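Reviewing the structure listed below.
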Amino acid sequence: MAEAAPTLSAGEWPGDPAPPLAQVLLDRYDDSRDRPFIAFENGESFDYGQAVGRAASIAQALREAGLAPGDRVLLALDNCPAFIDAWFGCALGGFVMVPLNTLLSGRLLEDVVKRSAPRAVVAQEPYAA
Numbered sequence: 107m108a109e110a111a112p113t114l115s116a117g118e119w120p121g122d123p124a125p126p127l128a129q130v131l132l133d134r135y136d137d138s139r140d141r142p143f144i145a146f147e148n149g150e151s152f153d154y155g156q157a158v159g160r161a162a163s164i165a166q167a168l169r170e171a172g173l174a175p176g177d178r179v180l181l182a183l184d185n186c187p188a189f190i191d192a193w194f195g196c197a198l199g200g201f202v203m204v205p206l207n208t209l210l211s212g213r214l215l216e217d218v219v220k221r222s223a224p225r226a227v228v229a230q231e232p233y234a235a
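Rendered as C-alpha cells:
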C-alpha cells in the first residue's frame with residue numbers, strides 16, 4: 107500500500123510566503139527603474155521602468171475591457187516581449203494569467219480553452235483566430 111504524502115499546515119511552512127509577482131516588480135521599479143530588466147535574442151531590451159510601464163498599459167487595457175481582479179486571461183503568445191508585457195500586466199491588474207502552449211491544436215486546444223474559461227485572450231496574429 108502506498109504511503110500517504112505528508113501534509114503541512116500554514117504554520118509549518120518554512121519562512122514567509124513569497125511576495126506576489128506584482129509587488130516584486132513594483133519594488134524593483136522603485137529602487138532600480140533604470141537598470142536592465144530583460145534582453146531578447148533579437149536585441150530588444152528594456153529596463154524596469156519600461157517593464158512596469160508596458161505592464162501597466164496591458165493591465166489598464168484589460169480593466170477598460172471590463173475585467174476585474176481574479177478574472178482569467180489566456181495568453182496565446184510565443185516567447186517574446188509581448189508575453190512578458192501580458193504576464194506582468196496580468197500580475198499588476200490582479201488577473202489570473204493562463205499561458206497557452208501555442209503548439210496545441212484541435213481537441214486538446216479546445217479543451218484547454220474550455221477548461222480555463224478565460225474572460226479575455228491576448229494573442230499574437232497567428233493565434234488570434
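Each residue of the sequence shown is one higher than the last, beginning at 107 in our numbering.
Note that beta-carbon positions come from the ideal geometry of N, C-alpha and C, so glycine has one too.
Computed from a predicted structure; not experimentally measured.
Measure the C-alpha to C-alpha separation of residue i and residue j and round it to an integer number of angstroms.
i, j, result
"P175", "A226", "12 angstroms"
"L206", "K220", "12 angstroms"
"L132", "V158", "7 angstroms"
"L180", "R134", "26 angstroms"
"P149", "R213", "Before going on, a small fix: residue 149 reads as Gly here, not Pro. Approximately 36 angstroms between the Cα atoms of the pair."
"D217", "S151", "35 angstroms"
"Q230", "W193", "14 angstroms"
"P142", "D184", "22 angstroms"
Tell me, to the nearest whole angstrom, how far the beta carbon of residue i is from that of residue j; I am working on the premise that it is less than 8 angstroms.
i, j, result
"A128", "L198", "5 angstroms"
"R178", "A223", "6 angstroms"
"G155", "D140", "6 angstroms"
"L168", "F201", "6 angstroms"
If we define contact as Cβ-Cβ less than 7 angstroms, is residue i a contact residue for chain C?
i, result
"I144", "Note that chain C does not occur in the displayed structure, where there is just one protein chain."
Leaving out five residues before and five after residue i in sequence, what residues of the same chain have Cβ atoms less than 8 angstroms from its Cβ?
i, result
"A305", "Because the chain spans 107 through 235 in this model, residue 305 falls outside it and cannot be assessed."
Pull up the DSSP beta-bridge partners for residue i, would you.
i, result
"P205", "L181"
"A229", "A182"
"A145", "S151"
Under the rule that 16 or more other beta-carbon atoms within 10 Å means buried, what is residue i, buried or exposed?
i, result
"D191", "buried"
"V130", "exposed"
"A171", "exposed"
"L173", "buried"
For residue i, which residues from the same chain have a beta carbon less than 7 angstroms from its beta carbon, with the 5 sequence-adjacent residues on both sides left out?
i, result
"V73", "Any question about residue 73 goes unanswered here, given that the chain covers just 107 to 235."
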